[in-house]
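Presented below is the structure to which this report refers.
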Amino acid sequence: MIQREYIPPYYQKYLTWVKDEDLLKLLEKDHRETCDFLMNVPESKRDFSYRPGKWTIKQILVHMIDVERIFIYRAHRFSRNDRADLAGFDQDIYIDQIRIDQIHWDTIFQGWDILRRSTILFYKTVPVEAFKRTGRAMGLEFTPESIGYILAGHTRHHVSIIREKYL
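For the sequence shown, counting from 1, position 152 maps to 158 in the working numbering; every step adds exactly one.
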């Protein structure tokens, strides 16, 4: 059951992409579907941006990796009852710090695939009582469980944008 009270307003938009279903099943299904989709992105489109100033598909995938890494780190800390208010990050600065043209698509894809597998393994090992523990990031309250739903919705949100505007 999605605990909407632990999904801050900015992140609520990602819930439109997920159903109120078992989190592990959702993450596993999202992993399969996203891998299938990404494996079929034409090579000619991977460095494509539909408008000046917009990210390429490769950059979107790196962004998805950045978000998953940071959010699963938060979920890990919250699951261990860490009470620190964790810092935010600027997604544009993160993307600007890499040399995307020097990273092969397969490497980026493999990075996302392995990271999502690791996310799923994390959720398989979190004790049931830790799913609902609260923690703070950027002054906002989350639970490890709410972060899992946000991650699935975030991935689906970006896959939808790629389908609609890039392919």
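Ideal Cβ placement from N, Cα and C applies to all residues, glycine included.
This structure is a prediction, so every number in the text was calculated from the model and none was measured.
Please name the residue, chosen from K19, K171, R123, L29, that lies closest to F137 on a Cα-to-Cα basis.
In terms of Cα proximity to F137, the closest of K19, K171, R123, L29 is L29.
Nearest residue (CA-CA) to M7, options H160, I71, F95, S152
Among H160, I71, F95, S152, the Cα nearest to that of M7 is on S152.
Output the distance between the C-alpha atoms of Y12 and T140, rounded to the nearest integer angstrom.
Straight through space, the alpha carbons of T140 and Y12 are spaced by roughly 8 Å.
Output needed for I1: all residues of its chain with C-beta closer than 8 Å, excluding positions within five of it in sequence on either side, in chain order.
With the chain represented from 7 up to 173, any question about residue 1 goes unanswered, as that position is not in the structure.
Does A90 come out as helix, strand or coil in the three-state DSSP assignment?
Correct three-state label for A90: coil.
Name the DSSP bridge partner or partners of A143?
Looking at the DSSP assignment, A143 forms a beta bridge with L92, L146.
Please name the residue, chosen from D91, T113, E170, that lies closest to G145 on a Cα-to-Cα basis.
Proximity to G145 across D91, T113, E170 peaks at D91, based on C-alpha coordinates.
By DSSP, does V24 sit in helix, in strand, or in coil?
V24: coil per DSSP, three-state reduction.
Rounded C-alpha distance that separates I78 from Y155
Using only the alpha carbons, I get a separation of about 11 Å.
Using CA atoms only, rank isn't needed, just tell me which of M70, Q18, A143, Q65 is closest to R83.
Checked all of M70, Q18, A143, Q65; the closest Cα to R83 is A143.
Residue of F95, I120, E27 minimising C-alpha distance to V73
For V73, the closest alpha carbon among the candidates F95, I120, E27 is that of F95.
Closest to I63 by C-alpha separation, out of M70, G117, D53, would be which residue?
With distances taken between CA atoms, I63 lies nearest to D53 out of M70, G117, D53.
Kindly indicate the opening and closing residues of the alpha helix (DSSP H) around F43.
29 to 45 is the extent of the alpha helix (DSSP H) around F43.
Looking only at its chain, what residues have a beta carbon closer than 8 Å to the beta carbon of D42, apart from the 5 residues adjacent to it on each side?
Cβ neighbours of D42 beyond the five flanking positions: none.
Taking the C-alpha atoms as reference points, what is the distance between S124 and P58?
Near 34 Å, if we compare the C-alpha coordinates of P58 and S124.
Starting from V13 and walking both ways along the alpha helix (DSSP H), at which residues does that stretch end?
For clarity, residue 13 is Ile in the given sequence; the question names Val instead. No alpha helix (DSSP H) holds I13; DSSP gives it neither H nor E.
Y79: first and last residue of the uninterrupted alpha helix (DSSP H) it sits in:
Per DSSP, the continuous alpha helix (DSSP H) segment holding Y79 begins and ends at 63 to 85.
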